[in-house]
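These protein sequence lines are chains A and B, in that order.
Following our numbering, the numbering of the first sequence begins with 2 at its first residue and continues without gaps.
Following our numbering, the numbering of the second sequence begins with 2 at its first residue and continues without gaps.
In this text, a Cβ means the ideal position worked out from N, Cα and C, and glycines have one as well.
Here the structure is a predicted model, which means the values were calculated and not measured.
To keep things clear, I will list the structure first and then write my remarks on it.
2 protein chains.
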Amino acid sequence: MTEVNSISRKEQVIRVAAALFREKGYVAASMRDLAQKLGIEAASLYSHIKSKEEILHVLCFDMAKDFMASLDKVEAQVNLTASERLQQGIIGHVEVMAKDLTASAVFMNEHRHLSQPYLRDFLLLRINYINRFKLMIEAGMESGEFKKSIDKKLAVMTLFSSLNWMPLWYDPNSAIEPATLGKQLSDMLVNGLKQNPS
Amino acid sequence: MTEVNSISRKEQVIRVAAALFREKGYVAASMRDLAQKLGIEAASLYSHIKSKEEILHVLCFDMAKDFMASLDKVEAQVNLTASERLQQGIIGHVEVMAKDLTASAVFMNEHRHLSQPYLRDFLLLRINYINRFKLMIEAGMESGEFKKSIDKKLAVMTLFSSLNWMPLWYDPNSAIEPATLGKQLSDMLVNGLKQNPS
DNA sequence: GTGTTTTACTAACAATTGTTAGTTTGTATC
DNA sequence: GATACAAACTAACAATTGTTAGTAAAACAC
Numbered sequence: 002m003t004e005v006n007s008i009s010r011k012e013q014v015i016r017v018a019a020a021l022f023r024e025k026g027y028v029a030a031s032m033r034d035l036a037q038k039l040g041i042e043a044a045s046l047y048s049h050i051k052s053k054e055e056i057l058h059v060l061c062f063d064m065a066k067d068f069m070a071s072l073d074k075v076e077a078q079v080n081l082t083a084s085e086r087l088q089q090g091i092i093g094h095v096e097v098m099a100k101d102l103t104a105s106a107v108f109m110n111e112h113r114h115l116s117q118p119y120l121r122d123f124l125l126l127r128i129n130y131i132n133r134f135k136l137m138i139e140a141g142m143e144s145g146e147f148k149k150s151i152d153k154k155l156a157v158m159t160l161f162s163s164l165n166w167m168p169l170w171y172d173p174n175s176a177i178e179p180a181t182l183g184k185q186l187s188d189m190l191v192n193g194l195k196q197n198p199s
Numbered sequence: 002m003t004e005v006n007s008i009s010r011k012e013q014v015i016r017v018a019a020a021l022f023r024e025k026g027y028v029a030a031s032m033r034d035l036a037q038k039l040g041i042e043a044a045s046l047y048s049h050i051k052s053k054e055e056i057l058h059v060l061c062f063d064m065a066k067d068f069m070a071s072l073d074k075v076e077a078q079v080n081l082t083a084s085e086r087l088q089q090g091i092i093g094h095v096e097v098m099a100k101d102l103t104a105s106a107v108f109m110n111e112h113r114h115l116s117q118p119y120l121r122d123f124l125l126l127r128i129n130y131i132n133r134f135k136l137m138i139e140a141g142m143e144s145g146e147f148k149k150s151i152d153k154k155l156a157v158m159t160l161f162s163s164l165n166w167m168p169l170w171y172d173p174n175s176a177i178e179p180a181t182l183g184k185q186l187s188d189m190l191v192n193g194l195k196q197n198p199s
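Here you go:
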């Protein structure tokens, strides 16, 4: 019964590490801390992982893969308005995050402690992801659906900031579904706080 | 000529430390790194500061004080609509950040490495600050200026997230004034991306 | 039952961490 | 010239860091 209906020990290590990295930060979290949480000795960790950084690497790049896959799906859809496309993108992003809030927090805050060349690879992926959202916004501006008066960089960074802080305040036990939250978020960014003239 | 038209050595140390903390993170930045950037030995730092944490403390609480003072000014104004009040709050926040982007980044990302009881004090200040923005939004909802359909917590956290990521992408050398950026930001959050029906 | 893999252990390593003690040097003040 | 202070130094400390080597016990496959 190895790796069938139970997760491997390595995955266990990585999950516990994610929680620890989120709580203390990658650098402040020591391998002895991690071992203690698992009830083993620090040296025993190396039966499962190659290094501390491997854990961070797995966490960051697994999340990145999920984000990319989510955006692929949205882009594959046809006949969507810019608002709809943006909304789908946002919902997808929120859903990926909600699936693992702990890993999301690590992905967001600790990726910078990756060493080269992994850090470079990671940042390239991230720029690509942001750019694809930027294209959605630009498309909406071209079609006249969105205002052209708003700075594109500002718009996309505001969007991205809102999305990425979610792990810090979203309560996974709350009644609200990720998809609903995503809808509300996109509504707020697209339509704004102000009451529309009826 | 001590502390008249030149900043004290202690302030120099703190400024260089801020840049280092921002770049590497508080924990990963060593006192030997810091000393090297200043061209002195690590032990010499302690002629100016009591501890590594004192630097973090000064950085975080000086920023906090500025944010609070900015919000005090906004609240002292009378006869403002909710949109105007919110806009003033946002502009103030952006201006405080823009005045020292480095310290802002440390304030935002590294405050969690404060030890108790300072961490508790810091978080209380922060909750208070967020709550005051929340009150502005609620006032707008009560008066019918803002939609009531939007979740208050979502609204205020989205706002706060957008604001706090600014140090990561704002270019201090750009032509755009902090006050202008604040206006654009508040416009985007209040009125949204969508073209208003004309 | 034998062989193999997984999982853990003890012991230790070299390097790095923040910090202290005690001292010296330069500079301004009287 | 004596005094005081700021700012730096050398040397060293105890603790903690990630990691390796080598080994033992349990769980599995056949």
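One or two residues paired with residue i in a DSSP bridge
i      : result
B:K195 : A:F147
Assumed close pair residue i, residue j - CB separation to whole angstroms, cut-off 8 Å
i      : j      : result
B:H58  : B:R10  : Incorrect: roughly 18 Å between the Cβ atoms, too far for contact.
A:R79  : A:G90  : For the record, residue 79 of chain A in the displayed sequence is Val; it is not Arg. In fact, because the Cβ distance is near 15 Å, the residues do not count as touching under 8 Å.
B:A36  : B:T103 : Not a contact, Cβ separation roughly 19 Å.
B:A180 : B:I41  : Not confirmed; about 39 Å, so no contact.
A:K149 : A:I138 : Actually they are not in contact, since the Cβ atoms of A:K149 and A:I138 sit about 11 Å apart, beyond 8 Å.
A:P173 : A:A106 : So it is not a contact: roughly 12 Å between Cβ atoms.
Pair within 8 Å by beta-carbon distance, residue i and residue j
i      : j      : result
A:A65  : A:F123 : yes
A:L190 : A:V95  : no
B:L46  : B:V17  : no
B:G147 : A:K184 : Looking at the sequence itself, residue 147 of chain B is Phe, so the reference to Gly does not match. Cβ distance not < 8 Å, so B:F147 and A:K184 don't count as in contact.
A:L155 : B:T159 : no
A:F161 : A:I131 : yes
B:A83  : B:G26  : no
B:E55  : B:S116 : no
B:H114 : B:V14  : no
A:R127 : A:L72  : no
B:F22  : B:E85  : no
A:N192 : B:G193 : yes
B:F68  : B:V97  : yes
B:S163 : A:S163 : yes
Minimum length 3: unbroken beta strand (DSSP E) runs contained in the region 51-130 of chain B: The qualifying runs do not exist here; there are none.
Using a beta-carbon distance cut-off of less than 8 Å, what residues from the region 119-148 of chain B approach chain A? Taken in chain order, the members of the region 119-148 of chain B whose beta-carbon sits within less than 8 Å of a beta-carbon on chain A are I138, G141, G145, E146, F147 and K148.
Determine which residues of the region 10-32 of chain B have a Cβ less than 7 Å from any Cβ of chain A, and write them out in chain order. So the list reads G26, V28 and A29, given in the order they occur along the chain.
Interface residues of the region 154-183 of chain A facing chain B [CB-CB below 9 Å]: Hits within the stretch, in order: K154, L155, A156, M158, T159, L160, F161, S162, S163, L164, N165, W166, M167, L169, W170, Y171, I177 and L182.
Using a beta-carbon distance cut-off of less than 8 Å, what residues from the region 90-108 of chain B approach chain A? For the region 90-108 of chain B, which is checked against every Cβ of chain A, not one residue is closer than 8 Å.
Near-chain A residues of the region 46-69 of chain B (beta-carbon distance less than 9 Å), N- to C-terminal order: Of all residues in the region 46-69 of chain B, none places a beta-carbon less than 9 Å from a beta-carbon of chain A.
Contained alpha helix (DSSP H) runs [length at least 4] in the region 25-49 of chain B, N- to C-terminal order: List check, alpha helix (DSSP H) in window: 32-39.
What runs of the alpha helix (DSSP H), each 4 residues or longer, lie entirely inside the region 159-197 of chain B? Correct list: 167-170 and 179-192.
Please name the residues in the region 71-83 of chain B whose beta-carbon is closer than 8 Å to at least one beta-carbon of chain A, in chain order. Answer in chain order: no residues at all.
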